[in-house]
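Report on the following structure.
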Amino acid sequence: MKRVLALSYPIIVANLSQIVIGIVDTAMISRVSTEALAAAAVASSVNIAAAMLFGGWATAAQVISARRYGEGRLTAIGRLLDISLLVGTGAGLVVFLVLSIGSGPLLAAFGLSEAVRAEGVPYLRVLALAAPFAAATAMFRAVYAGVGETSVAMRMTVLVNVINVPLNYVLIFVAGWGLLGAGVGTAIAVAVGCFYMSLFGWRRLRDTYELFRFGRLHRSQNVLPQLWSIGWPETAMLFLGYVNNVLVLRIVSSLGTTVIAGMQVVTNLQQVLWTIVWALSTSVSILVGQSLGSRDERTVTLTQRAGLLLMAALPAIILAPVLVAPSTILHLLTPDDEVVAEAGRALPVLALQVPLMATSMVLAAVLRAAGDSKWVLYTSTASSYLVMVPLSWLLADAIGWGLPGVYVAGIAFFAARTAGAWWRYRRGAWRTAVV
947 MKRVLALSYP
957 IIVANLSQIV
967 IGIVDTAMIS
977 RVSTEALAAA
987 AVASSVNIAA
997 AMLFGGWATA
1007 AQVISARRYG
1017 EGRLTAIGRL
1027 LDISLLVGTG
1037 AGLVVFLVLS
1047 IGSGPLLAAF
1057 GLSEAVRAEG
1067 VPYLRVLALA
1077 APFAAATAMF
1087 RAVYAGVGET
1097 SVAMRMTVLV
1107 NVINVPLNYV
1117 LIFVAGWGLL
1127 GAGVGTAIAV
1137 AVGCFYMSLF
1147 GWRRLRDTYE
1157 LFRFGRLHRS
1167 QNVLPQLWSI
1177 GWPETAMLFL
1187 GYVNNVLVLR
1197 IVSSLGTTVI
1207 AGMQVVTNLQ
1217 QVLWTIVWAL
1227 STSVSILVGQ
1237 SLGSRDERTV
1247 TLTQRAGLLL
1257 MAALPAIILA
1267 PVLVAPSTIL
1277 HLLTPDDEVV
1287 AEAGRALPVL
1297 ALQVPLMATS
1307 MVLAAVLRAA
1317 GDSKWVLYTS
1327 TASSYLVMVP
1337 LSWLLADAIG
1347 WGLPGVYVAG
1357 IAFFAARTAG
1367 AWWRYRRGAW
1377 RTAVV
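This is the structure:
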């Protein structure tokens, strides 16, 4: 359990700090204009969707890195990083070109007013400049995490945030650049973070893992098929999950403004829970991958148990005060009594998701560690589009349960995901899978 926590807490701290900074950025942009805030919301959503192009590759790099570390093949990790940097940066350049050229049509597709598009297009183009740096950083984080170096990502995120917040303030308000200033500040901070990650690898890991030896890439051609085999299902799952969220939001939007606002409040809490569960799942995947590489079956078993316990316990601890005093806690997020009442009805149902969420994430982590990302994709997609979306409409809209109906559908989603992953897990092929 200590090893799972040791790997997880830097990831949790890094991601939670990013959420806080996002809230601070939103607060600053909201003081520019309503149009700027709307433009930032849509442009950021487009940027996140585009970043999924290299997100799956990063997961693949992490899985392979952990397995090679367990096998003791340290120089193979260096070759993996070199290839991953080229692939990731290439994907980042594609994102840069697409967003730079297509920012206008992309934002127009959302039906935004001309005033909002005027704010959003230059903002999105500046964010696009950071895409290659963000992609390279994702690869650094993934490969470093695979060998147990998760704390560097936490330090990098803190550094980026320390730069981003004051720089954004200066560029937005002092220089008077408005939303464009927020984009420039973010792009600069992301580039600095990428430089920090490369400097860490150069000074601390280069000799051990033979990093940054790009002249040998012609001898590393077998790495690309491995990255592709694990990476494309992860990328597809990210994209399809994003579409699933959009569809559910579309269903909720038909129920009225109060329900939408209530969902946003619950989503803020859910995001914290998901950050913790995802970090723990990542750590389980890393440790299981390392243990499979070293053929240490005892550690594989202990890691799964520790991960399941932590994934169930930590979210429960966080939810406990919200469930005991929902009105008090929720009023910190919104002063609207109707929104608080709507969100409060959904919270007990959200709590019921936690055991199934924890179980499904542990099983997915084990399968992912064995390179079986295709099955994770299949179960997640089937659970989303055959269970989550239709049940959300049926329960929330057709039957009239409102927001709680969406979260009941979420319970069914995690139950279906757990059942599919459990069936694959029980077959046992993951124990001997070659990565």
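Numbers in this note's numbering are just positions in the sequence shown, counted from 1, shifted up by 946.
In this text, a Cβ means the ideal position worked out from N, Cα and C, and glycines have one as well.
This one's a predicted model, so the numbers in the text were calculated from it and none came from an experiment.
Between residue i and the rest of its own chain, which residues show a CB-CB distance below 7 Å, the 5 nearest in sequence each way excluded?
i	result
L1031	A1082 and M1085
W1388	Not covered by the structure: residue 1388. The range shown for the chain is 947 to 1381.
I1222	I958, L1260 and P1261
T1103	A960, S963 and Q964
T1325	R1363, G1366 and A1367
I967	N1107, N1110 and V1111
Output needed for residue i: all residues of its chain with C-beta closer than 6 Å, excluding positions within five of it in sequence on either side, in chain order.
i	result
Q1008	A1088, A1091 and G1092
F1079	V1136, A1137 and C1140
V1295	P1350, Y1353 and V1354
A1292	V1212, L1349, P1350 and Y1353
V1234	V1246, T1249, V1312 and A1315
Pick out whichever of the options has its Cα sitting closest to the Cα of residue i.
i	options	result
V1041	A995, I1023, A1379 and A1006	A995
A960	L1105, L1075 and A973	L1105
I957	E1095, F1000, I1029 and A1006	E1095
A982	I1029, V1111 and L1126	L1126
A985	L1058, V966, A1012 and R949	L1058
S1319	V1380, L1302 and A1355	V1380
V1169	R1291, I1023, D1282 and F1158	I1023
R949	T1228, L1332, F1359 and T1327	T1228
R1159	T972, G1317 and I1029	I1029
A989	I1206, T1005 and G1129	G1129
A1099	A1076, L953, Q1299 and A997	L953
G1122	M974, Y1142 and V1212	M974
L1302	F1359, V1120 and Y1371	F1359
Q1299	F1146, F1056 and G1356	G1356
V1194	S1338, W1148 and V1333	S1338
Residue i to residue j, Cα distance in whole Å?
i	j	result
W1376	Q1172	16 Å
T980	Q1217	25 Å
L1151	I1275	45 Å
V1187	S1330	According to the sequence displayed, residue 1187 carries Gly and not Val. Cα to Cα, the separation comes out at about 8 Å.
N1114	Y1069	13 Å
T1181	L1045	18 Å
A1361	A1311	16 Å
T1021	Y1015	9 Å
L1026	G1038	18 Å
L1279	D1153	49 Å
G1004	G1124	The residue asked about is misnamed: residue 1004 is Ala in this sequence, not Gly. Each residue's Cα considered, the two are about 33 Å apart.
R1071	V1189	23 Å
A1133	E1243	44 Å
Tell me whether residue i is buried or exposed, calling it buried when 16 or more other Cβ atoms sit within 10 Å of its Cβ.
i	result
N993	buried
S1199	exposed
A1266	exposed
S1049	buried
N1191	exposed
L1053	buried
T1249	buried
T1035	buried
P1051	exposed
V1120	exposed
V1116	exposed
Give every residue of the same chain whose Cβ lies closer than 8 Å to the Cβ of residue i, excluding the five residues on either side of it in the sequence, and list them in chain order.
i	result
L1201	A1342, D1343, G1348 and L1349
Could you tell me whether the Cβ of residue i comes closer than 9 Å to any Cβ of chain E?
i	result
S991	Of the protein chains in this structure there is only one, and it is not chain E.
Would you check whether the ligand MG has a heavy atom nearer than 8 Å to the C-beta of residue i?
i	result
S1175	Absence of the ligand MG is noted for the structure shown, with no ligands found whatsoever.
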